[in-house]
Structures are given as C-alpha cells and as structure tokens.
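*Asks:* In terms of this note's numbering, the sequence shown opens at residue 338 and continues consecutively.
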Amino acid sequence: MAGIAAFWTVSFLLVLVPGADWAYAITAGLRHRSVLPAVGGLLSGYVLLTAVVAAGLATVIAGSPTVLTALTAAGAAYLIWLGATTLARPAAPRVEGGEEGAGAGSWVGRAARGAGISGLNPKALLLFLALLPQFTARDADWPFAAQIVALGLVHTANCAVVYTGVGTTARRILSARPAVATAVSRFSGAAMILVGALLLAERLLAQGSAAQ
Numbered sequence: 338m339a340g341i342a343a344f345w346t347v348s349f350l351l352v353l354v355p356g357a358d359w360a361y362a363i364t365a366g367l368r369h370r371s372v373l374p375a376v377g378g379l380l381s382g383y384v385l386l387t388a389v390v391a392a393g394l395a396t397v398i399a400g401s402p403t404v405l406t407a408l409t410a411a412g413a414a415y416l417i418w419l420g421a422t423t424l425a426r427p428a429a430p431r432v433e434g435g436e437e438g439a440g441a442g443s444w445v446g447r448a449a450r451g452a453g454i455s456g457l458n459p460k461a462l463l464l465f466l467a468l469l470p471q472f473t474a475r476d477a478d479w480p481f482a483a484q485i486v487a488l489g490l491v492h493t494a495n496c497a498v499v500y501t502g503v504g505t506t507a508r509r510i511l512s513a514r515p516a517v518a519t520a521v522s523r524f525s526g527a528a529m530i531l532v533g534a535l536l537l538a539e540r541l542l543a544q545g546s547a548a549q
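Here it is in structure tokens:
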C-alpha cells in the first residue's frame with residue numbers, strides 16, 4: 338500500500354504536465370457537448386498499456402528496435418494527423434442546439450481518437466515500463482502482474498480526474514470568448530504536431546545511434 342500511495346503522488350504530478358492528452362481534452366471541451374467520450378478514450382488507451390506491461394509484452398517491444406520504431410512512427414503520424422486536422426478546423430465553443438452542440442461526430446469515434454492518442458504513444462509505454470515496476474514489491478503477497486495492474490489503474494484514475502477537469506474548464510471559461518477559444522484550439526493542434534514530430538525524430542536518432 339505504501340508503494341501505491343507513493344506512486345499516486347508521482348503519477349498525479351506527471352499527469353499535470355500538459356501534452357497531447359491535454360490538447361485533445363481541450364479540443365473536445367470546446368467542440369462537443371460532453372468531454373466524456375474523449376476522456377474515456379484516453380483512459381482506455383492507458384488501460385491497454387497497463388495490460389501490455391502486466392503481460393510482459395512491453396519488455397519485448399522495448400527490446401526490439403524495429404517494433405519500437407514502427408510503433409513510434411504510427412503514434413507520431415497519428416498525432417501529426419490529428420494536429421493538422423485541428424489546425425485546419427479549429428474548435429470553436431459549441432452553440433446550444435447547433436451542429437457542434439448536438440455532438441458532431443460519434444461518441445465511438447471520439448473515444449477511438451482518444452485511445453489512439455494515449456495507447457499509441459510509445460513514450461507512455463516506456464514510461465509505464467520504467468516507472469511502474471519501481472513501485473512494486475517482489476516479496477508482496479499478491480502477484481507482480483496484479484501490482485502492475487493496480488498501479489496502472491491508479492494512473493488511469495488520475496488521468497480521469499485531470500483530463501475531465503481540463504476539458505470541462507476549457508469549455509466553461511472559453512465558451513464566451515470565441516477568438517481565444519480558436520487560438521487555444523490552434524495551439525492544441527500545434528502541440529500535437531510538435532509532440533508527434535519530436536517522438537519520431539527522437540526515435541530515428543536513437544535508431545541511427547544504435548546502428549553505428
């Protein structure tokens with residue numbers, strides 16, 4: 338239990354750092370009536386990563402440069418595409434009764450985009466791989482995999498609180514400021530593109546160094 342309490346603090350501080358997840362939550366808050374589908378998708382991605390780490394697959398992925406590069410490329414391309422889409426059509430505060438207010442786009446589609454952002458992020462996978470085992474106890478009464486699952490769910494719960502708050506706050510504060518809301522949406526899109534580009538560049542540099 339002490340390990341879980343310590344991990345909660347570290348996890349919460351990490352979740353408070355803005356990134357692609359924040360950008361998507363803000364966009365969802367501005368564009369749709371509810372942020373729950375988008376946040377639910379982000380959370381499902383972290384549940385998937387938790388299952389991967391608990392099953393031991395993360396070690397195999399991290400140890401295979403080819404697989405890791407492919408995963409990074411897929412995640413980076415997805416973030417860049419979402420960012421470019423957001424820049425091309427920046428979110429505006431929803432209008433009650435209008436198309437955006439009615440919830441343009443299906444709940445499943447919004448959730449799938451969220452799951453792609455978090456679940457395809459190789460940085461998150463490697464973070465889980467490096468961080469979660471440090472807060473487990475090999476001599477504990479419950480299995481190592483169960484401890485990993487518990488820690489992953491703690492992180493997911495932190496994400497649920499923070500991302501719901503971020504999306505809801507963006508909607509409430511910026512709803513009466515369309516110009517500011519559009520600027521924030523474009524910033525979010527640019528942030529997604531930047532994160533995707535950095536992920537790809539970092540992985541390509543790492544692969545190049547390993548090949549030398």
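Glycine included, each C-beta is placed from N, C-alpha and C at the ideal position.
Could you give the distance in angstroms between the alpha-carbon of Tyr361 and the alpha-carbon of Ala375?
*Replies:* For the purposes of this step, residue 361 is taken as residue 24 along the sequence shown, with counting starting at 1. For the purposes of this step, residue 375 is taken as residue 38 along the sequence shown, with counting starting at 1. So the two alpha carbons sit approximately 8 Å from each other.
*Asks:* Would you please state the rounded distance, in angstroms, between the beta carbons of Ala413 and Ala487? I believe it to be under 8 Å.
*Replies:* Taking the sequence shown and counting its residues from 1, one reaches residue 413 at position 76. Taking the sequence shown and counting its residues from 1, one reaches residue 487 at position 150. 30 Å between Cβ atoms; not a contact.
*Asks:* So is Trp479 buried or exposed if we call it buried at 16+ other beta carbons inside 10 Å?
*Replies:* Locating residue 479 in the sequence shown gives position 142, counting from the first residue. The residue in question, Trp479, is exposed, as its Cβ has fewer than 16 Cβ neighbours within 10 Å.
*Asks:* From this set, Ala474, Pro515, Arg523, Leu468, which residue's C-alpha is nearest Thr346's C-alpha?
*Replies:* Along the sequence shown, one-based indexing puts residue 346 at 9. When each option's Cα is compared against that of Thr346, the closest is Leu468.
*Asks:* Quick one: Cα of Ser401 to Cα of Leu394, how far?
*Replies:* Taking the first residue of the sequence shown as 1, we reach residue 401 at position 64. Taking the first residue of the sequence shown as 1, we reach residue 394 at position 57. Between Ser401 and Leu394, the C-alpha separation is close to 11 Å.
*Asks:* Between the region 451-466 and the region 504-523, do three or more beta carbon pairs fall short of 8 Å?
*Replies:* Judged by Cβ distances under 8 Å, the region 451-466 makes no contact with the region 504-523, as fewer than three pairs qualify.
*Asks:* Let me make sure I understand the geometry here. Which of Pro515, Ala452, Ala483, Ala497 has the alpha-carbon closest to that of Arg368?
*Replies:* Residue 368 sits at position 31 when you count from the first residue of the sequence shown. Ranking Pro515, Ala452, Ala483, Ala497 by Cα distance to Arg368 puts Pro515 first.
*Asks:* For Gly435, which residues from the same chain have a beta carbon less than 8 Å from its beta carbon, with the 5 sequence-adjacent residues on both sides left out?
*Replies:* For the purposes of this step, residue 435 is identified with residue 98 of the sequence shown, where counting begins at 1. Note that Gly435 scores 44 on pLDDT, short of 50, meaning its location in the model is unreliable and no value can be drawn from it.
*Asks:* Could you give the residue range of the alpha helix (DSSP H) that holds Leu385?
*Replies:* Locating residue 385 in the sequence shown gives position 48, where the first residue counts as 1. Its alpha helix (DSSP H) spans residues 373-391.
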